[in-house]
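Enquirer: Numbering follows numbering that gives the first Met the number 0, with no gaps: position 52 of the sequence shown is 51.
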Amino acid sequence: MSSNKSTPGQRFRDAVASEHPLQVVGAINANHALLAKRAGFKAIYLSGGGVAAGSLGVPDLGITGLDDVLTDVRRITDVCDLPLLVDVDTGFGSSAFNVARTVKSMSKFGAAAIHIEDQVGAKRCGHRPNKEIVSLQEMVDRIKAAVDARTDDSFVIMARTDALAVEGLESALDRAAACIEAGADMVFPEAITELDMYKLFANRVKAPILANITEFGATPLFTTEQLAAADVSLVLYPLSAFRAMNKAAENVYTAIRRDGTQQNVIDTMQTRMELYDRIDYHTFEQKLDALFAAKK
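#1: What do you get for Ile-265, buried or exposed, if any count of 16 or more other CB atoms within 10 angstroms of its CB means buried?
#2: Would you kindly check if the distance between the Cβ of Ile-43 and the Cβ of Leu-296 is under 7 angstroms?
#3: According to DSSP, is Gly-53 part of a helix, a strand, or is it coil?
#4: Using a 10 Å radius around the Cβ and a threshold of 16 neighbouring Cβ atoms, would you call Met-0 buried or exposed?
#5: Once you ignore the five residues that flank Glu-166 on each side, which residues in its own chain have a CB closer than 8 angstroms to its CB?
#6: Val-87 to Lys-286, Cα distance in whole Å?
#7: Just tell me which of Gly-125, Asp-230 and Glu-116 has its CA closest to the CA of Val-89.
#8: Closer than 6 angstroms by C-beta to Ala-176: which residues in its own chain qualify, once you throw out the five before and the five after it? Chain order, please.
#9: Indicate the three-state DSSP secondary structure (helix, strand or coil) for Ala-158 in the structure shown.
#10: Could you check what DSSP says for Met-185 in three-state terms: helix, strand or coil?
#11: Beta carbon of Asp-151, beta carbon of Gly-49: below 7 angstroms?
#12: With distance defined between alpha-carbon atoms, name the residue in Pro-128, Ser-153, Ile-62 and Val-119 nearest to Val-102.
#13: What is the DSSP secondary structure of Asp-80, reduced to helix, strand or coil?
#14: For the alpha helix (DSSP H) containing Gln-300, list its first residue and its last residue.
#15: Could you name the residues of the same chain whose beta carbon sits closer than 7 angstroms to that of Gly-61, not counting the 5 residues immediately before and after it, in chain order?
#16: What whole-angstrom Cβ distance do Met-157 and Ala-112 have, given they're in contact under 8 angstroms?
#17: Check Ser-1 in the structure and name its three-state DSSP category.
#18: For Leu-34 and Val-85, which I take to be in contact (beta-carbon distance under 8 angstroms), what is that distance rounded to the nearest angstrom?
#19: Going by CA-CA distance only, name the one from Asp-147, Gly-125, Glu-169 and Asn-250 that's closest to Glu-189.
#20: Just how far apart, CA to CA, sit Arg-310 and Ala-162?
#21: Alpha carbon to alpha carbon, what distance is there between Arg-271 and Lys-294?
#22: Does the region 138 to 147 touch the region 23 to 37, meaning 3 or more C-beta pairs lie closer than 8 angstroms?
#23: Between the Cα of Phe-314 and the Cα atoms of Gly-47, Gly-56, Leu-55 and Cys-79, which residue gives the shortest distance?
#24: Would you tell me roughly how many angstroms separate the C-alpha atoms of Gly-53 and Ile-27, rounded to the nearest one?
#25: Please determine, among Thr-76, Arg-100 and Phe-291, the residue with the shortest C-alpha to C-alpha distance to Gly-109.
#26: From what residue to what residue does the alpha helix (DSSP H) around Val-15 run?
#27: What are the boundary residues of the beta strand (DSSP E) that includes Glu-116?
#28: Could you tell me whether the Cβ atoms of Gly-25 and Leu-238 are closer together than 7 angstroms?
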């Protein structure tokens, strides 16, 4: 852990200020958080769809609860000091009190930032059809509740709007502006289909804009260079490593079952020494040896 005494929220804001645009990569668990840090990322992300599929094995349809997400947040923040952005769906409950509880809990468990969206409670993945959104006023109320619940002003409240696919661009722009006016720090317009749209959001809200560059969705895989030119401040890769990890696991299971040995897929695996290196195994072991030596 770093000795940096600044808050997670401030570290997140500093990262946004220091890298244009800031690459925020999804880490499905604590191990991946360490790998992301090792690769040089300045911030990481915990996806709601990732918690649902990865930790619970269920679809991203509002099935997960606050405690499911908090468990993964705590495990990540316990071992990795990179600022963590967390997907809190619609706030885990229908009232302002639910939203407040979510914000307080996320902050207490070490998250740096959250994004909260304007879908109805029975939410869907942002890149799936038939999404439904709440009224603009209800979304503004969610943001106000989140902002009011902050005990640390640096904790980042990001407003996600799914309005583009449901009501069109003007509605999405209006919602983004209303959320910033209500106290949100940053905006996450979901399922954007054209690069120029990001610039419209940036011009309208004068606040950092996040581009969600998820694979196999509605948004083309724009590069950081393209997004920088479109005034994007943060680029999100929510499940890239997760998808690769799942494909690799499936290939290994298939091969072992088919071949009666893992010999043919051994070169696709992280070695024992690589794993030990990534989780700093030997430092722990040396401490253990020193404790045993002291007891003798």
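We put the beta carbon where it would ideally sit given N, CA and C, even for glycine.
Expert: Let me lay it out:
#1: exposed
#2: For residue 296 there is no data in the structure shown, the boundaries of the chain being 0 and 295.
#3: helix
#4: With a pLDDT of 35 at Met-0, under the threshold of 50, the predicted position of this residue should be treated as unreliable, and no value is reported.
#5: Ile-132, listed in sequence order.
#6: 38 angstroms
#7: The sequence given here has Thr at residue 89, not Val. For the residues Gly-125, Asp-230 and Glu-116, the minimum Cα distance to Thr-89 belongs to Glu-116.
#8: Cβ neighbours of Ala-176 beyond the five flanking positions: Arg-203 and Val-204.
#9: strand
#10: Residue state, collapsed to three classes: strand.
#11: Asp-151 is not a Cβ neighbour of Gly-49, given a cutoff of 7 angstroms.
#12: Ser-153
#13: coil
#14: Given a span of 0 to 295 for the chain in the structure shown, any question on residue 300 remains unanswerable.
#15: Asp-88, Gly-120, Ala-121 and Lys-122
#16: Confirmed, Cβ separation roughly 6 angstroms.
#17: Bear in mind that the predicted position of Ser-1 carries a pLDDT of just 40, short of 50, making it too unreliable to give a figure here.
#18: In fact, because the Cβ distance is near 18 angstroms, the residues do not count as touching under 8 angstroms.
#19: Gly-125
#20: Absent from the structure is residue 310, since the part of the chain shown begins at 0 and ends at 295.
#21: 30 angstroms
#22: no
#23: Because residue 314 is not part of the residues shown, which for the chain are 0 to 295, the question remains open.
#24: 7 angstroms
#25: Thr-76
#26: 7 to 17
#27: 112 to 116
#28: A distance below 7 angstroms separates the beta carbons of Gly-25 and Leu-238.
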